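Student: What follows is a structure written as structure tokens; I'll ask about it next.
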Amino acid sequence: MPDVSLIRSELLAWYDAHARSLQWRAPPGAGTRTEPYRVWLSEVMLQQTTVPHATPYFHDFTRRWPTVSDLAAAPDAEVMAAWAGLGYYARARNLLACARAVASDHGGVFPDTEAGLLALPGVGAYTAAAVASIAFDRAANVVDGNVERVMARLFAVETPLPAARPELKRLAAQFITDDRPGDWAQALMDLGATVCRPKSPTCGLCPLTDQCLGFAGGTPERFPIKTKKAERPHRLGVVYVMIDAEGRVALERRPDKGLLGGMMGLPTSDWAVGAVDAAAPIAADWREAGAVEHVFTHFSLTLSVRTARVEGGGDYEWMTVEAARAALPTVFAKALDRAGEPALI
DNA sequence: CACTCGTGGCA
DNA sequence: TTGCCAAGAGT
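The first sequence finishes on residue 345 if you use full-length UniProt numbering, and the numbering steps up by one all the way, no holes.
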């Protein structure tokens, strides 16, 4: 069986030499830690999101709101617009709720325990453990998709995900000690991200191959075993681009709950499998401007784009096309692009 | 447990 | 082109 102590020392030594340099990370051995605010912000942005995608958002947020109290004081609309394009918008709503809870209930200082962090909005088991270990140097079992994959390969776990989660978490727990907990968590995640990758892992560069049951079996890439996902349905809908005399576009704030919740959006029909009720929001000389395709987590979508020149007013927020594009989720930004130059509508 | 909830890159 | 998947959380 894999030797826990040996794996720890070999992986930490590998991390000391190969740690990725990331904006929100203090390099190993520097004797410094990243502020809790930045650790938390980066962890929330990185939930189900790649490092290259999240990085410019991290820069923008920390420049505009250098502390958690600054963020707590920011208007909802500004924060939601700043998050536009990053996806999973409940994260942005919870981010604000969390910042405000820290500001009002904790004097602007993050709780320094895993349990205290777990009680905050948008902070689940992973993020609480990550912030506790990375920002506060507490022994915590940080288990994300990388850690699950590394454990599944090290121990050749045949149980498929998601049923294997508890077992993978137990396997990860045996490595947790008071020695360099933050570095340990990041070392495991870096290994998973750069060497023990989902596809074509580079086992030749891995410090743990001599301890890895998956490698010993010859096909480490088959772990973790996964159950098949249901295929996603395809929905249809119509999106309406209304331009007023000043070239501004009509937007509406979407309800807090549900898809793209809390974000600005273009007026649309319902999105459904098969025919949809495409009654236009107002009477106008509507023109067809083509369609956009978009893929969400659990369905794909074809949106017909219809454009019209209209008078302003109504229950809409009228914004310049530039401002709208920056504030809109990607699916609507695509539709706006498809609609073309406002002067030509 | 099962489902909802984005986006972009890549094989 | 299509499917996979990335530092998950909430319900």
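C-beta atoms are modelled at their ideal positions from N, C-alpha and C, and glycine is treated no differently. Just so it is clear, the structure is predicted and the values come from calculations on it, not from any experiment.
(1) Measure the alpha-carbon distance for G116 versus N141 and round it to whole angstroms.
(2) In chain order, what residues of the same chain have a beta carbon less than 8 Å from the beta carbon of R91, not counting five sequence neighbours either side?
(3) Grab me the residues of A99's own chain with a C-beta within less than 7 Å of its C-beta, minus the 5 sequence neighbours each way, in chain order.
(4) Which one of A77, P36, H18, P28 has the shortest CA to CA distance from A264?
(5) Locate the alpha helix (DSSP H) running through V238, then write down its first and last residues.
(6) Which residue from C206, T32, A130, S104 puts its Cα closest to that of E114?
(7) Considering only residues of the region 45–93, which uninterrupted alpha helix (DSSP H) runs meet the minimum length of 4 residues and lie entirely inside it, listed in chain order?
(8) Within this structure, are the beta carbons of V321 and V276 separated by less than 9 Å?
(9) Taking all protein chains shown into account, decide if R25 is buried (16 or more other Cβ within 10 angstroms of its Cβ) or exposed.
(10) What residues match up with H294 in a beta bridge as DSSP calls it?
(11) With distance defined between alpha-carbon atoms, name the residue in S42, L251, Q174, V143 nearest to R165.
(12) Let me know if V195 comes out buried or exposed under the rule of 16 or more other beta-carbons within 10 Å of its beta-carbon.
(13) Between F296 and T49, what straight-line distance do the alpha-carbon atoms span, to the nearest angstrom?
(14) Output needed for A272: all residues of its chain with C-beta closer than 6 Å, excluding positions within five of it in sequence on either side, in chain order.
(15) In the DSSP assignment, the beta strand (DSSP E) including L251 goes from what residue to what residue?
(16) Less than 9 Å between the beta carbons of L11 and L191, yes or no?
(17) I'd like to know whether the C-beta atoms of S133 and P181 end up nearer to each other than 9 Å.
(18) Return the chain-ordered list of same chain residues with a C-beta closer than 6 Å to the C-beta of V39, the five sequence neighbours on each side being excluded.
(19) Where does the unbroken alpha helix (DSSP H) through W14 begin, and where does it stop?
Tutor: Here's the rundown:
(1) Those two C-alpha atoms are separated by around 15 Å.
(2) The answer, listed in chain order, is V44, M45, Q47, W83, G122.
(3) V68, L71, A72
(4) The sequence shown places Met at residue 264, not Ala. Comparing Cα-Cα distances from M264 to each of A77, P36, H18, P28, the minimum goes to A77.
(5) No alpha helix (DSSP H) holds V238; the beta strand (DSSP E) holding it covers 234–243.
(6) A130
(7) As summarised for the region 45–93, the continuous alpha helix (DSSP H) elements at least 4 residues long and confined to that stretch are 51–64, 68–73, 76–83, given in chain order.
(8) Cβ atoms of V321 and V276: not closer than 9 Å.
(9) buried
(10) L301
(11) V143
(12) buried
(13) 14 Å
(14) R235
(15) 248–253
(16) yes
(17) yes
(18) V131, I134, A135
(19) From DSSP, the alpha helix (DSSP H) with W14 extends over 4–18.
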